[in-house]
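Peer 1: Sharing a structure here in structure tokens format.
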Amino acid sequence: MGKKGGNLGLAVAAALVALPFVPLVLWAVAGEWRFPDLLPTAWSPRGLAHLVEPGGGVLGATLNSLLIGLATAAASVAVGLPAGMAIGGYEWRFKGLVIFFVLLPILVPPLASTMGVHVTFIRLGLADTVFGVFLVHLVPTVPYTALILAGVFSERTGELEEAARTLGASAWQAFLRVTLPGVLPGVAVAGLFAFLISWGQYVLTLLIGGGSVVTLPMLLFSAASGNDPVITSALALAFALPAVLALVLALRVLKPGERAGGFVGPGKVS
Amino acid sequence: MGGRLKIALLLAPALVVIGVLFAGGLVVAFVQSLGYVPAIGMTDLTLNAYREILSDEDFFDSLVLTLYVSGVSTGVATVLAVVAALALRRSSGRVSAVVFQLPITIPHLVAAVGIALVVGQTGLGARIAALLGLVGEPGDFPALLYDEYSVGIILTYVWKEVPFIALVVLASLRGVASELEDVARTLGAGAWQRFWYVVFPVISPSVVAASLLVFAFTFGAFEVPYLLGKSYPTILPVMAYNEYRDIDLSARPTAMAINVLIALITGAVAALYLRLARDLGRRG
Numbered sequence: 238m239g240k241k242g243g244n245l246g247l248a249v250a251a252a253l254v255a256l257p258f259v260p261l262v263l264w265a266v267a268g269e270w271r272f273p274d275l276l277p278t279a280w281s282p283r284g285l286a287h288l289v290e291p292g293g294g295v296l297g298a299t300l301n302s303l304l305i306g307l308a309t310a311a312a313s314v315a316v317g318l319p320a321g322m323a324i325g326g327y328e329w330r331f332k333g334l335v336i337f338f339v340l341l342p343i344l345v346p347p348l349a350s351t352m353g354v355h356v357t358f359i360r361l362g363l364a365d366t367v368f369g370v371f372l373v374h375l376v377p378t379v380p381y382t383a384l385i386l387a388g389v390f391s392e393r394t395g396e397l398e399e400a401a402r403t404l405g406a407s408a409w410q411a412f413l414r415v416t417l418p419g420v421l422p423g424v425a426v427a428g429l430f431a432f433l434i435s436w437g438q439y440v441l442t443l444l445i446g447g448g449s450v451v452t453l454p455m456l457l458f459s460a461a462s463g464n465d466p467v468i469t470s471a472l473a474l475a476f477a478l479p480a481v482l483a484l485v486l487a488l489r490v491l492k493p494g495e496r497a498g499g500f501v502g503p504g505k506v507s
Numbered sequence: 192m193g194g195r196l197k198i199a200l201l202l203a204p205a206l207v208v209i210g211v212l213f214a215g216g217l218v219v220a221f222v223q224s225l226g227y228v229p230a231i232g233m234t235d236l237t238l239n240a241y242r243e244i245l246s247d248e249d250f251f252d253s254l255v256l257t258l259y260v261s262g263v264s265t266g267v268a269t270v271l272a273v274v275a276a277l278a279l280r281r282s283s284g285r286v287s288a289v290v291f292q293l294p295i296t297i298p299h300l301v302a303a304v305g306i307a308l309v310v311g312q313t314g315l316g317a318r319i320a321a322l323l324g325l326v327g328e329p330g331d332f333p334a335l336l337y338d339e340y341s342v343g344i345i346l347t348y349v350w351k352e353v354p355f356i357a358l359v360v361l362a363s364l365r366g367v368a369s370e371l372e373d374v375a376r377t378l379g380a381g382a383w384q385r386f387w388y389v390v391f392p393v394i395s396p397s398v399v400a401a402s403l404l405v406f407a408f409t410f411g412a413f414e415v416p417y418l419l420g421k422s423y424p425t426i427l428p429v430m431a432y433n434e435y436r437d438i439d440l441s442a443r444p445t446a447m448a449i450n451v452l453i454a455l456i457t458g459a460v461a462a463l464y465l466r467l468a469r470d471l472g473r474r475g
């Protein structure tokens, strides 16, 4: 395969990746777009205005999504960091079993377990609350943060920590001054990941939020089931925004070699 | 001893979260599938729910549809991913990074909505077909949403998962494969021979591992089929959800029995994946 063939292939791949965004962007700013016109015949700010309309509900839903996403990311990192340290940094018995257990919520759809906890959540008053939704979002996010951070810790040799201890640092000081700064980029990636997973959740929020906790995907879903492609497309673009921003950030911050490893997992963002 | 305690303490928070919210939820789901739902006055343990769904034609229609959607999505995505990885392995830089990362990062719902606006009967595809004089009315364009063959769902999954598998293939190509390929080329192997005898054996274990992940995910995923699928038959997770939402609370054990079967199938795939991944790790 020559250089030319590679460029042609890349162009084809880029076009296929961009394809679903073409109607989304056009519809979001369309005023009139009848069949079979290839392009809208009139433009309108209606779709984008809907996003920021006071009392339109989108701002409130966005705020809910942000709040739940940030809380989920913070809690997942807090819970996943020590677990990642244990899995990646040390050798112990039954490690394979624990990894299987941690991996399970990624592969077994959390729909089943969430229907199971629903009754208990109702009894505890957690159903239909933002806090309850935050709790079930931890099910898909904690495994990812734990496994990403396990990968980060497995690449550390512990030599720097040893040197710090030799120079008189306590175990806690060595962790705070040497380990933590070393794993910080990994922590940022794990947190970003957890945020995106939470941000993309639909069915867990639907089950536990019971319609009382309205997040952005709830609005997008009901718009998509309706018949207004302008509003649907505007919501879809708003919903895609954090993912696009995260990607831009990742491309700027991470070195080329790190890019491929930065994002793993199938469909982890929904 | 101190070391073991330290490991246990480090693991404890994550294991509690997963143990209570995930494993605990699955246990409750299993118990409810046996007909034990005291909240609505059902306390007899029976296998009726399983007996019921296993003799139910609706369930088998759903199971077949679910296997079809996840099987075809995984198969098509795997083939396209290998082709894409081989074609694009030498391109680097921002464009290829965006091409590979964007679909992985974008939420499924956004992809589903975008694909629907491309392949729907008034979508971009139908408009282009009309421009070429192939169709007159939107109804002339084949129905690819809410359709018999779940085309919209499969296309959404393929769009989302090809880059994921392709990245895995790229990672394994970067290693020993390219060196071996050069050797094979020097020895006079043709392009197809190089692929079939050199590249394919090297990448196939990680391709299979990535495909298993995609299969498990698409088997248990809810929202894309919920949005783009027809109302009968539905895929299993949607069927479980509909039974769960049923006003008749006695349908609850049925919903949970479907859930337990989904969990068993995806759990088995997970075990298979881990085994493969461990063997891959051993080989280096």
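Just so you know, the protein sequences line up as chains A and B, in that order.
Using our numbering, the letters of the first sequence map in sequence onto residues 238 to 507.
Using our numbering, the letters of the second sequence map in sequence onto residues 192 to 475.
Built from N, CA and C at the ideal position, the CB exists for glycine as well.
Assign E434 (chain B) to one of three DSSP states: helix, strand, or coil.
Peer 2: In the second sequence, the residue the question calls residue 434 (chain B) occupies position 243. Helix, per DSSP.
Peer 1: For P282 (chain A), count the other beta carbons within 10 Å of its own beta carbon; 16 or more makes it buried, fewer makes it exposed. Which is it?
Peer 2: One-based indexing of the first sequence puts residue 282 (chain A) at position 45. Classification of P282 (chain A): exposed, given that the 10 Å Cβ count is below 16.
Peer 1: Which runs of the alpha helix (DSSP H) spanning at least 4 residues fall entirely within the segment 386-442 of chain B, listed in chain order?
Peer 2: 391-411, 414-419, 427-436
Peer 1: When Cβ atoms are compared, which residues of the segment 280-303 of chain B fall closer than 9 Å to chain A?
Peer 2: R280, R281, S282, S283, G284, R285, V286, S287, A288, V289, V290, F291, Q292, L293, P294, I295, T296, I297, P298, H299, L300, V301, A302, A303
Peer 1: First and last residue of the beta strand (DSSP E) that includes E269 (chain A)?
Peer 2: In the first sequence, counting from the first residue as 1, residue 269 (chain A) sits at position 32. In this chain, the beta strand (DSSP E) harbouring E269 (chain A) covers 267-269.
Peer 1: Please list, in chain order, the chain A residues whose beta carbon lies closer than 8 Å to that of T457 (chain B).
Peer 2: Along the second sequence, read from residue 1 onward, the residue named residue 457 (chain B) stands at position 266. In chain order: L344, V345, P346.
Peer 1: So who's on the other strand from M233 (chain B), going by DSSP bridges?
Peer 2: The residue given as residue 233 (chain B) occupies position 42 in the second sequence. Paired residue(s): B:V228.
Peer 1: The alpha helix (DSSP H) with R242 (chain B) in it runs from where to where?
Peer 2: What you label residue 242 (chain B) is simply residue 51 of the second sequence in a count that begins at 1. 239-245 is the extent of the alpha helix (DSSP H) around R242 (chain B).
Peer 1: Is there contact between the segment 458-471 of chain A and the segment 205-222 of chain B, where contact requires at least three CB pairs shorter than 8 Å?
Peer 2: no
Peer 1: Is the beta carbon of L419 (chain B) closer than 8 Å to that of L336 (chain B)?
Peer 2: Reading the second sequence from its first residue, position 145 is the one you call residue 336 (chain B). Reading the second sequence from its first residue, position 228 is the one you call residue 419 (chain B). Contact flag set, yes.
Peer 1: Check whether chain A comes within 8 Å of T313 (chain B), counting only Cβ atoms and requiring the distance to be less than that.
Peer 2: Numbered from 1 along the second sequence, position 122 holds the residue referred to as residue 313 (chain B). Using a Cβ-Cβ cut-off of 8 Å, T313 (chain B) counts as an interface residue toward chain A, since at least one Cβ of chain A sits closer than that to its own.
Peer 1: For a cutoff of 8 Å on Cβ pairs, would you count T351 (chain A) as touching chain B?
Peer 2: Taking the first sequence and counting its residues from 1, the one referred to as residue 351 (chain A) is at position 114. Yes, T351 (chain A) lies at the interface with chain B (some Cβ there is under 8 Å from its Cβ).
Peer 1: Within its chain, find whatever has a CB closer than 8 Å to the CB of D470 (chain B); leave out the 5 residues flanking it on each side and keep chain order.
Peer 2: Residue 470 (chain B) sits at position 279 when you count from the first residue of the second sequence. P396.
Peer 1: How about I438 (chain B): is its C-beta nearer than 8 Å to some C-beta of chain A?
Peer 2: The residue labelled residue 438 (chain B) in the question sits at position 247 within the second sequence. No, I438 (chain B) lies away from the interface with chain A (no Cβ there is under 8 Å from its Cβ).
Peer 1: Quick one: what does DSSP say A279 (chain A) is sitting in, helix, strand or coil?
Peer 2: As a first step, residue 279 (chain A) is located in the first sequence; it is residue number 42 there, counting from the start. Three-state DSSP puts A279 (chain A) in a strand.
Peer 1: Taking Cβ-Cβ distances shorter than 8 Å, what residues in chain B pair up with A483 (chain A)?
Peer 2: By one-based count along the first sequence, residue 483 (chain A) stands at place 246. Neighbours of A483 (chain A) on chain B, chain order: T296.
Peer 1: Could you tell me whether the Cβ atoms of L474 (chain A) and L261 (chain A) are closer together than 8 Å?
Peer 2: To locate residue 474 (chain A), count along the first sequence from 1; it is residue 237. To locate residue 261 (chain A), count along the first sequence from 1; it is residue 24. Against a cut-off of 8 Å, the Cβ pair of L261 (chain A) and L474 (chain A) comes out as a contact.
Peer 1: Tell me which residues share the same chain as I336 (chain A) and place their Cβ nearer than 7 Å to its Cβ, disregarding the 5 neighbours each side in the sequence.
Peer 2: Indexing the first sequence from 1 puts residue 336 (chain A) at position 99. Excluding residues within five positions, the ones whose Cβ falls inside 7 Å are I324.
Peer 1: With V450 (chain A) and T382 (chain A) assumed to form a contact (beta carbons below 8 Å), what rounded beta-carbon distance in angstroms separates them?
Peer 2: By 1-based counting over the first sequence, the position of residue 450 (chain A) is 213. By 1-based counting over the first sequence, the position of residue 382 (chain A) is 145. Not quite, the Cβ-Cβ distance comes to about 23 Å (not below 8 Å), so this is no contact.
Peer 1: Run down chain A in chain order and give the residues with a C-beta less than 8 Å from the C-beta of R318 (chain B).
Peer 2: Position 127 of the second sequence, counting from 1, holds the residue named residue 318 (chain B). Going along chain A in sequence order, the residues near R318 (chain B) (Cβ under 8 Å) are F272, P273, D274, L275.
Peer 1: Quick test of the definition: if touching needs 3 or more C-beta pairs under 8 Å, does the segment 270-290 of chain A touch the segment 313-331 of chain B?
Peer 2: yes
Peer 1: If you follow the alpha helix (DSSP H) that E398 (chain A) is in, where does it begin and where does it stop?
Peer 2: Here residue 398 (chain A) is taken as the residue at index 161 of the first sequence, counted from 1. Start and end: 396-403.
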